[in-house]
Structure formats: C-alpha cells, structure tokens
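*Asks:* Numbering (the working numbering), first residue to last: 167 to 398.
Don't be surprised by glycine CBs; every beta carbon is placed ideally from N, CA and C.
Here it is: the structure, laid out below.
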C-alpha cells in the first residue's frame with residue numbers, strides 16, 4: 167500500500183468512543199463479563215509474555231485503521247508548519263531556514279542538526295514519512311479500495327498552531343488542508359475519528375528551563391499546568 171507506508175503506519179482502531187475499551191471503575195467494561203485487573207508495572211525483563219483476556223466486542227463496535235500525523239504527513243517544513251519536539255529529536259533540519267518555534271534553548275542552530283542519542287535508527291525522521299500531506303488523494307483511493315469505514319487520524323498541533331499558542335488564529339493553510347480532508351472522508355462514506363494531540367508537541371512550548379511544557383513543576387515538584395492555556 168504505497169510501499170507499505172499506509173500499512174506500517176496504521177493500527178487497528180479499537181474504538182468505543184474513540185478510546186478503545188474503556189477502563190473504568192464506575193461502569194462495566196464493554197466486552198467483558200467483569201472488568202479485568204490490569205497488572206502493575208513489572209521490573210525490567212520480568213513481565214509476562216501472554217495475557218488471558220476473554221470477552222466479546224459490543225454491538226456497534228467500530229473497526230477501522232488509525233494513524234498519527236507525524237508518522238504519515240511528511241511536509242515537515244511546508245504549509246506553515248512549525249517545528250515539533252520530534253523534529254528536534256530526530257535531527258531534522260529546523261535551522262535553515264529556521265522553522266517557527268525552532269529557537270529553543272537546545273534547538274539546532276546550524277545544519278546539519280544533531281540526532282538525539284535515543285534514536286535507534288539514525289536518519290529515521292518524519293520529514294517525508296508516507297508523504298500523506300501531498301498524496302492524500304492516493305491515500306483516499308486506497309481507503310476506498312479496501313472498503314474502509316472508519317479512520318482515526320491526528321491533527322498536527324505544530325501545523326495548526328506553529329508556535330503552540332491557541333490564543334491567536336490557526337494556520338490558515340492547515341485549516342484548509344484538514345477541512346478539505348474531512349470533506350473528502352465524508353464524501354467517501356468514511357467516518358473520521360479525530361485525535362487532537364498525538365505527542366507532536368510544538369517545539370516553541372518546550373525550551374527548558376524557561377518553558378517545560380507538560381513537565382513544568384513548581385518548587386515542590388507539583389505540576390503547574392503551564393501548557394494547558396495553550397492547549398485548550
């Protein structure tokens with residue numbers, strides 16, 4: 167499927183209200199006679215290899231496929247998109263020309279940009295990915311050919327708000343792209359399930375020690391919700 171790109175970047179959408187089987191102590195677990203007990207974290211290397219869960223999928227359970235924006239869109243420096251923490255992590259060139267938000271305390275200053283030591287496969291980036299930003303009509307044709315009825319995808323926060331701030335107007339190019347895509351999905355009778363945040367944090371919101379994004383803490387180590395006004 168376009169070089170297995172779609173296949174490798176999709177996952178089965180286990181969706182009951184878009185969030186998989188709900189883990190809740192206040193209601194019964196859909197598909198189970200009783201709620202399963204989820205194991206506590208295990209020490210490294212001691213976790214079980216199999217789990218025995220039994221149950222049925224509830225009526226109306228939605229099957230489909232799911233993707234993440236960074237994994238498929240590509241066009242990392244096109245359409246007004248700002249830098250994300252994944253661009254910095256993977257060593258993408260955010261310095262020339264400098265992308266919106268790519269002036270953080272540890273951001274690349276001149277190309278070639280360094281790759282974080284935590285990257286296992288050096289050179290793997292989302293710069294192009296499966297190039298869905300530019301090949302969305304091809305992806306839609308594949309979806310229709312496979313008879314897809316439900317599709318979960320994520321909206322790239324740094325594409326919609328390049329500097330992370332939601333107080334201003336969103337990037338008009340991003341609004342048009344996602345709006346057109348949603349129209350195309352509906353025209354193809356494919357139900358969209360939209361994820362608003364799939365870990366592609368705008369780099370502009372993370373520049374320690376001044377800005378620590380989700381990890382922002384006070385002197386006592388308690389979360390201060392620094393990022394919530396930007397996300398809401």
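When you compare only the Cα positions, how much space is there between residue 254 and residue 326?
*Replies:* About 18 angstroms.
*Asks:* Are the Cβ atoms of residue 294 and residue 240 separated by less than 9 angstroms?
*Replies:* Their beta carbons are under 9 angstroms apart, which means residue 294 touches residue 240 by this criterion.
*Asks:* Which of the three DSSP states is assigned to residue 188 in this structure?
*Replies:* Here the model assigns residue 188 a pLDDT of 37, short of 50, so the residue's position is not dependable and the matter cannot be decided.
*Asks:* If you draw a straight line from the C-alpha of residue 353 to the C-alpha of residue 233, how long is it?
*Replies:* Each residue's alpha carbon lies about 20 angstroms from the other.
*Asks:* Could you have a look at residue 233 and say whether DSSP puts it in helix, strand or coil?
*Replies:* If DSSP states are grouped into helix, strand and coil, residue 233 belongs with coil.
*Asks:* Going along the chain, which unbroken runs of the beta strand (DSSP E) with 3 or more residues stay wholly within the region 214-285?
*Replies:* For the region 214-285, not a single whole beta strand (DSSP E) run of length 3 or above is found.
*Asks:* Leaving aside the five residues before and after residue 351 along the sequence, list all residues of the same chain whose C-beta is less than 7 angstroms from its C-beta, in chain order.
*Replies:* Here the set comprises 317 and 358.
*Asks:* Please report how far the alpha carbon of residue 379 lies from the alpha carbon of residue 250, in whole angstroms.
*Replies:* Cα to Cα, the separation comes out at about 12 angstroms.
*Asks:* Rounded to a whole number of angstroms, what is the C-alpha to C-alpha distance between residue 367 and residue 329?
*Replies:* Rounded to whole angstroms, residue 367 to residue 329 spans 10 angstroms at the Cα level.
*Asks:* On the CB-based measure, 16 or more other CB atoms within 10 Å of its CB, does residue 237 come out buried or exposed?
*Replies:* By the neighbour-count rule (16 or more Cβ atoms within 10 Å), residue 237 is buried.
*Asks:* Looking at the secondary structure, which residues open and close the alpha helix (DSSP H) in which residue 347 lies?
*Replies:* Residue 347 -> alpha helix (DSSP H) spans 338-353.
*Asks:* Between 310, 370 and 220, which has its C-alpha nearest residue 247's C-alpha?
*Replies:* With distances taken between Cα atoms, residue 247 lies closest to 370.
*Asks:* Between residue 393 and residue 376, what straight-line distance do the alpha-carbon atoms span, to the nearest angstrom?
*Replies:* Taking the straight line joining both Cα atoms gives about 12 angstroms.
*Asks:* In chain order, what residues of the same chain have a beta carbon less than 8 angstroms from the beta carbon of residue 235, not counting five sequence neighbours either side?
*Replies:* Excluding residues within five positions, the ones whose Cβ falls inside 8 angstroms are 319, 320, 321, 322, 325, 364 and 366.
*Asks:* Helix, strand or coil: how does DSSP classify residue 328 here?
*Replies:* Residue 328: coil per DSSP, three-state reduction.
*Asks:* Pull up the distance between the alpha-carbon of residue 269 and that of residue 337, whole angstroms please.
*Replies:* Residue 269 and residue 337: Cα-Cα distance of roughly 19 angstroms.
*Asks:* Along the chain, where does the beta strand (DSSP E) containing residue 357 start, and where does it finish?
*Replies:* Residues 357-361.
*Asks:* Identify every residue that forms a DSSP beta bridge with residue 389.
*Replies:* Residue 389 is bridged to 383.
*Asks:* Could you spell out where the beta strand (DSSP E) holding residue 317 opens and where it closes?
*Replies:* Unbroken beta strand (DSSP E) run through residue 317: 316-320.
*Asks:* Go ahead and pull the three-state DSSP assignment for residue 395.
*Replies:* Note: residue 395 maps to helix in three-state DSSP.
*Asks:* Are the Cβ atoms of residue 274 and residue 291 separated by less than 9 angstroms?
*Replies:* Cβ distance not < 9 angstroms, so residue 274 and residue 291 don't count as in contact.
*Asks:* Over what stretch of residues does the alpha helix (DSSP H) that includes residue 474 continue unbroken?
*Replies:* The chain is shown only over 167 to 398; residue 474 falls outside these bounds and no answer can be derived.
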